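With positions in the sequence shown counted from 1, the corresponding number in our numbering is that position plus 220. Single-structure report; data block below.
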Amino acid sequence: MGIVIVGGGLAATRVAEQLRRAEYTGPVTIVSDEVHLPYDRPPLSKEVLRAQVDDVTLKPMEFYDENNITLLLGSAATTIDGDAKTVRLDNDALLPYDDLIIATGLTPKRIPSLPEMEGVRVLRTVDESLALRKHAGEAHRAVVIGAGFIGCEVAASLRGFGVDVVMVEPQPAPLASVLGAQIGNLVARLHRAEGVDVRTGIGVAEIVGGGTPERVEKVVLSDGSAIEADLVVVGIGSRPATDWLEGSGVAVDNGIICDNVGRTTVPHIWALGDVASWQDATGHQARVEHWSNVAEQARVLVPSLLGKEPPQAVVVPYFWSDQYDVKIQCLGEPEADDIVHLVEDDGRKFLAYYEREGALVGVVGGGMPGKVMKVRAKIAAGAAISEVLG
Ligand code: FAD
């Protein structure tokens, strides 16, 4: 029996590692539908795409052998029977468990009305990154649909290949829904300075292809204008990989509903990472799609599952994004409608504090690593904004 982990990414690896560190001696099995050893995703839109790195494996095979962790790669979990405590795989194998941990991550969204054709790509897996890199080496003009983190990073990496890039975003600025339009406009400025044609406040109406097999030739925008392209990257976000849970009794609402330590609505089934919506300190459900959140959740879930006390430290959420030579970092929980205090701006790099009800709730920096990290304790303490504006 033992513990079965479904999903083969960062969350799966972290919980397996933490289980062994916590001296859990029972069987641990990781089931992943990918054929690769669990790997790290942030480099896929950065170093891998820019051909600076090929191997993003999180842990070598020896780690799994030495820690007696069984890896079932290339196997998708298809159904769960919570009463019998079994999970069925696509090869019909039935795995019994004492506890099941779901860490299936996300599936990139596609635009339903747009046809699939060659030259139109999404980015979530290492295979997709390597294929995009190969294509980028031959492409002349790319349209990146969506100016979220992945769209922005892909645009920056494509510029490194000398590809002409048009980035199309229906919101008023890149990253506007996360960081607000004011900081989003600074991100747009960075991309424009690097030669990206950033078009905001506009959507995509149609992708037109030609030839056999059909290959992308142009993208038609909602104002009727057309952009010729031999590469299109769709970066319009992702949705939790939960389709396979239908009928399992595990409640899903924009992610797997969990309490504040990762318990789902079915006994002995837990979830963490991008797929999971945990209850936050204010009692709200929140799903986070960032790397450091996975590590924090693993640190809480594992002791809870083993009947031990989870750490009580205040966690200040953090994520980063690398675009050109600028590392954009975000600490705390800024929201698009917070009051933004832009305290430094040299035309490329910047630093902004986010205020809500008089308190410092977040900091966002572009190329300002020391200054971002410096205010961690103040954010954790809910300091007054006046303490940093001085
Ligand atoms: P994943 O890493 O997605 O792993 C889920 C795994 O489960 C996958 O291998 C999937 O194939 C497998 N799976 C799905 N369904 C099944 C099934 N039914 N059966 C078996 N296996 C299944 N975060 C940052 O903070 N900063 C960054 O700069 C950053 N850059 C990123 C760049 C890219 C291109 C991407 C895609 C993500 C980036 N992230 C970044 C986000 C970060 O990588 C994720 O938060 C993290 O990977 C989440 O880990 P996870 O284990 O929850 O999910």
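Backbone N, C-alpha and C fix where the C-beta goes; we use that ideal spot for every residue, glycine too. These numbers come from a predicted model, not from an experiment.
Quick one: give me the first and last residue of the alpha helix (DSSP H) that residue i is part of.
i, result
"T324", "Neither: T324 is in no alpha helix (DSSP H) and is coded neither H nor E."
"R568", "Element bounds for R568: n/a, residue is neither H nor E."
"P589", "589-594"
"A242", "Here A242 belongs to no alpha helix (DSSP H), and DSSP marks it neither H nor E."
"D417", "It is not in any alpha helix (DSSP H) - D417 instead sits in the beta strand (DSSP E) that spans 417-420."
"L580", "Premise fails: L580 lies in the beta strand (DSSP E), 579-586, not in any alpha helix (DSSP H)."
"V608", "606-609"
"D285", "281-286"
"A518", "511-525"
"V398", "396-399"
Relative to the ligand FAD, is the shortest distance from any of its heavy atoms to the C-beta of residue i smaller than 8 angstroms?
i, result
"W490", "no"
"V226", "yes"
"G457", "no"
"E509", "yes"
"T298", "yes"
"G325", "yes"
"W540", "yes"
"I289", "no"
"W464", "yes"
"F381", "no"
"A461", "yes"
"V514", "yes"
"S252", "yes"
"T502", "no"
"E373", "yes"
"D285", "no"
"I477", "no"
"S295", "yes"
"L257", "no"
"L314", "no"
"L441", "no"
"G493", "yes"
"F369", "yes"
Under the rule that 16 or more other beta-carbon atoms within 10 Å means buried, what is residue i, buried or exposed?
i, result
"M387", "buried"
"M588", "buried"
"D347", "exposed"
"P258", "buried"
"P280", "exposed"
"K598", "buried"
"L562", "exposed"
"R419", "buried"
"P316", "exposed"
"R330", "exposed"
"N513", "buried"
"R379", "buried"
"D479", "exposed"
"G227", "buried"
"S445", "exposed"
What is the C-beta distance between residue i and residue j, in whole angstroms, given that I count them as a contact (C-beta under 8 angstroms)?
i, j, result
"L334", "I427", "5 angstroms"
"V546", "R568", "7 angstroms"
"H504", "D319", "Contact flag wrong, Cβ pair sits at about 26 angstroms."
"V470", "V495", "So it is not a contact: roughly 11 angstroms between Cβ atoms."
"L406", "G586", "7 angstroms"
"L451", "S349", "That belief does not hold up - the Cβ atoms of L451 and S349 are roughly 14 angstroms apart, past 8 angstroms."
"Q238", "A491", "That pair is no contact at about 15 angstroms."
In three-state terms, what does DSSP make of residue i?
i, result
"T462", "coil"
"M387", "strand"
"G431", "coil"
"C550", "strand"
"E448", "strand"
"E437", "strand"
"V363", "strand"
"G371", "helix"
"H504", "coil"
"H411", "helix"
"A425", "strand"
"D347", "helix"
"T484", "coil"
What is the residue span of the beta strand (DSSP E) that residue i lies within?
i, result
"D542", "538-543"
"G467", "Element bounds for G467: n/a, residue is neither H nor E."
"A496", "496-499"
"P316", "314-316"
"R308", "306-309"
"L269", "Counting along the chain, L269 falls outside any beta strand (DSSP E), and DSSP gives it neither H nor E."
"D301", "297-301"
"T290", "289-293"
"V226", "223-226"
"A491", "489-491"
Do residue i and the ligand FMN come close, with the Cβ less than 8 angstroms from some heavy atom?
i, result
"L264", "Of the ligands one can find in the structure shown, namely the ligand FAD, none is the ligand FMN."
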